[in-house]
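Participant: For the sequence shown, my numbering begins at -5 and goes up steadily by one. Idealized CB from N, CA, C, for every residue including glycine. I'd like to ask you about the structure that follows.
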Amino acid sequence: LHTNGYSLARRIVSDRMKLAPSDEFPGMGVTVADALLSVHASYLRALDPVLGVIHSMAHITGGGLPGNVDRALPESLDAVVDRSSWELPVLFRELQRAGEVPDDDMLRSFNLGVGLVVICDGSDTDAVIQSASRAGIAAWRLGSIRPGTGRVLFN
């Protein structure tokens, strides 16, 4: 969960899924407590070598992707997030299914497996991804930046 959506997740797990902390979370092979309280990654080792090429970053905490990435943008640019660029982790698929949570609410309440967004020139993307990989952090091109009005758009 990476510091996102604990109240909603707890309600879904206890009220809808009827699971206790010691029960196994469906599809994950770990307890509910371990699934919901897993420690999120530290990004220092992943980003320290490439800080010079990073223009902006957004730690995806409360507010999800739209509520954090927009603060990392100037008013003249939009971020276009490609929703097909990553697979939604089992935890979020199960919470969405069991809680009947609409996509827009999922985007606002959870990070959906995206812990940090790094904004850099397209030519530096591979260097940032490789640096993260060397530090054991999964990274990918999440989308693109285009002229706009400081919004986060999803496709």
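#1: Suppose only complete runs of 3+ residues qualify. What are the beta strand (DSSP E) ranges in the region 29 to 103, listed by chain order?
#2: What does a CB cutoff of less than 6 Å around Met22 pick up in its chain, not counting 5 residues either side in sequence?
#3: Nearest-angstrom Cα distance between Ile6 and Leu31?
#4: Can you tell me the Cα-Cα spacing of Ser125 and Glu94, whole angstroms?
#5: State the Cα-Cα distance for the pair Leu136 and Ile54, rounded to the nearest angstrom.
#6: Apply the 10 Å Cβ neighbour rule to Asp72 and answer buried if 16 or more other Cβ atoms are within range, or exposed otherwise.
#7: Between Gly109 and the rest of its own chain, which residues show a CB-CB distance below 7 Å, the 5 nearest in sequence each way excluded?
#8: Could you tell me the boundaries of the beta strand (DSSP E) in which Ser138 lies?
#9: Quick one: what's got a C-beta closer than 7 Å to Ala40's C-beta in the same chain, skipping five residues either side?
#10: How far does the alpha helix (DSSP H) with Ile113 in it extend, from its first residue to its last?
#11: Since Thr25 sits in a beta bridge, which residues does DSSP pair it with?
#12: Starting from the C-beta of Ile48, find all residues in its chain whose C-beta is less than 6 Å away, skip the five residues before and the five after it, and write them out in chain order.
Facilitator: The relevant details are as follows:
#1: 48 to 53, 71 to 75
#2: Within the sequence shown, residue 22 is the residue found at index 28, counting from 1. These residues qualify, in order along the chain: Ala29, Val84.
#3: Sequence index remark: in the sequence shown, residue 6 carries index 12 (1-based). Sequence index remark: in the sequence shown, residue 31 carries index 37 (1-based). Using only the alpha carbons, I get a separation of about 15 Å.
#4: Position 131 of the sequence shown, counted from the start, is the residue given in the question as residue 125. Position 100 of the sequence shown, counted from the start, is the residue given in the question as residue 94. The straight-line gap from Cα to Cα measures roughly 37 Å.
#5: Indexing the sequence shown from 1 puts residue 136 at position 142. Indexing the sequence shown from 1 puts residue 54 at position 60. Looking at the two C-alpha atoms, the distance is approximately 13 Å.
#6: Translated into positions along the sequence shown, residue 72 becomes position 78. By the neighbour-count rule (16 or more Cβ atoms within 10 Å), Asp72 is buried.
#7: By one-based count along the sequence shown, residue 109 stands at place 115. The residues are His(-4), His34, Ala35, Ile54.
#8: Position 144 of the sequence shown holds residue 138. Taken as a continuous stretch (DSSP letters only), the beta strand (DSSP E) holding Ser138 covers 137 to 141.
#9: Here residue 40 corresponds to residue number 46 of the sequence shown, with the count starting at 1. Same-chain partners within the cutoff: Ser125, Ala126, Ala129, Ile131.
#10: Taking the sequence shown and counting its residues from 1, the one referred to as residue 113 is at position 119. No alpha helix (DSSP H) contains Ile113, which is instead part of the beta strand (DSSP E) from 110 to 114.
#11: Walking along the sequence shown from the start, residue 25 turns up at place 31. DSSP lists Glu18 as partners of Thr25.
#12: On the sequence shown, residue 48 is found 54 positions in, with the first residue counted as 1. Only Val112, Cys114 meet the Cβ criterion.
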